[in-house]
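Residue numbers (this note's numbering): 3 to 232. Virtual Cβ for every residue (Gly too), placed ideally from N, Cα, C. Just so it is clear, the structure is predicted and the values come from calculations on it, not from any experiment. First up is the structure itself, then whatever we jot down about it.
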Amino acid sequence: MPAIKLNVIKPSVNNMTARVFLRAAKLDFSEQDVYGQTRTAEYLAKAPSHLTPMMETADLPKGALWESCAIMQYLCNKHGLDEFYPKDPESRAMIDSAMFYLIGTFYPYLARATYPALNFPLYAGEVGCSDADAETKEKARRAAVEALAEPLDVFRTFYIGDKPFIGGSKPSIADIRLAATLEFLAAIDYQLPDWAKTYVANMEKALGNAYTEPAGDVRGYIGYVKSQRQ
Ligand SMILES: N[C@@H](CCC(=O)N[C@@H](CS)C(=O)NCC(=O)O)C(=O)O
Numbered sequence: 003m004p005a006i007k008l009n010v011i012k013p014s015v016n017n018m019t020a021r022v023f024l025r026a027a028k029l030d031f032s033e034q035d036v037y038g039q040t041r042t043a044e045y046l047a048k049a050p051s052h053l054t055p056m057m058e059t060a061d062l063p064k065g066a067l068w069e070s071c072a073i074m075q076y077l078c079n080k081h082g083l084d085e086f087y088p089k090d091p092e093s094r095a096m097i098d099s100a101m102f103y104l105i106g107t108f109y110p111y112l113a114r115a116t117y118p119a120l121n122f123p124l125y126a127g128e129v130g131c132s133d134a135d136a137e138t139k140e141k142a143r144r145a146a147v148e149a150l151a152e153p154l155d156v157f158r159t160f161y162i163g164d165k166p167f168i169g170g171s172k173p174s175i176a177d178i179r180l181a182a183t184l185e186f187l188a189a190i191d192y193q194l195p196d197w198a199k200t201y202v203a204n205m206e207k208a209l210g211n212a213y214t215e216p217a218g219d220v221r222g223y224i225g226y227v228k229s230q231r232q
């Protein structure tokens, strides 16, 4: 029985992040599909956040860890995976900054822009989750779509620069987080700039099936929701 169990919801890019990482890092793990089970008493007893991805391992003080980036950081620290998460403080600071910027700034816009098309619930307090009419909700969604371009370009100009990846010549955990996130934009036929298309293609090429297999679940789900729309 592997020491690591990853609880996942397969259509999610937050989950895709951890799923790609565990495969790319060649760690021994098992995967449990918990779609529809995150609010059961059994799951909540382990993870009161009811979130996925959620990793279980006896090594952790509470046996459980959620937040995709924290899972990757922990596993890199635990297994000395410096190629994904450099130890040098300055290089590591750039990886951490890229991941926090993604989770704190880019992802909220992306969720508001794509979740309605994906049939995912929006967060309480958002226009899209309110009793506003459909036109008002769509106006708010379009504002989120518009807002994506600026932080997306910051990944190009600041974090990636003239290197192929945020991590340099090889993908880092921040690259896994960014590439997985960009997959959701297909749900709204967002016109990714050419550099971003090349970047995602290079990620898939560099990581091979470790990327393609979990990406297949996200892409399959997007294909399904799009087919339901027609
Ligand atoms: N910032 C978190 C986001 C996690 C998250 O929002 N997970 C969603 C799926 S996309 C979830 O598990 N929702 C199930 C629920 O809340 O019951 C991460 O990167 O892991």
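Asked, Found
"Let me confirm a value: residue 33 is counted as buried when at least 16 other C-beta atoms fall within 10 Å, else exposed. Which label applies?", "buried"
"Between the C-alpha atoms of residue 22 and residue 129, what's the straight-line distance to the nearest angstrom?", "32 Å"
"If the criterion is Cβ atoms closer than 9 Å, does the pair residue 219 and residue 12 meet it?", "yes"
"What are the start and end residues of each continuous alpha helix (DSSP H) run of 4 or more residues lying completely inside the stretch 62-118, in chain order?", "70-81, 91-103"
"Keeping to the same chain, check which residues put their C-beta closer than 7 Å to that of residue 146; ignore five residues upstream and five downstream.", "111, 114, 115"
"What does DSSP give as the partner residue(s) for residue 9 in the beta ladder?", "34, 56"
"Output needed for residue 20: all residues of its chain with C-beta closer than 8 Å, excluding positions within five of it in sequence on either side, in chain order.", "8, 10, 55, 57, 70, 73, 74"
"In angstroms, rounded to a whole number, what distance separates the CA positions of residue 106 and residue 158?", "17 Å"
"Taking the Cβ atom as the reference point for each residue, do residue 161 and residue 223 lie within a distance shorter than 9 Å?", "no"
"If we require 4 or more residues per run, which alpha helix (DSSP H) segments fall completely within the stretch 141-199?", "175-185"
"Rounded to a whole number of angstroms, what is the C-alpha to C-alpha distance between residue 91 and residue 156?", "21 Å"
"Report the CB separation of residue 49 from residue 66 in whole angstroms; it is logged as a contact under 8 Å.", "5 Å"
"Look up residue 3 in the DSSP assignment and say whether it is helix, strand or coil.", "coil"
"I'd like to confirm something about residue 122: is its beta-carbon nearer than 8 Å to some heavy atom of ligand 2, or not?", "Absence of ligand 2 is noted for the structure shown, with ligand 1 being the only ligands found."
"Is it buried or exposed, residue 183, if we count other Cβ atoms within 10 angstroms and call 16 or more buried?", "buried"
"Are residue 173 and residue 5 touching if we call contact CB-CB under 9 Å?", "no"
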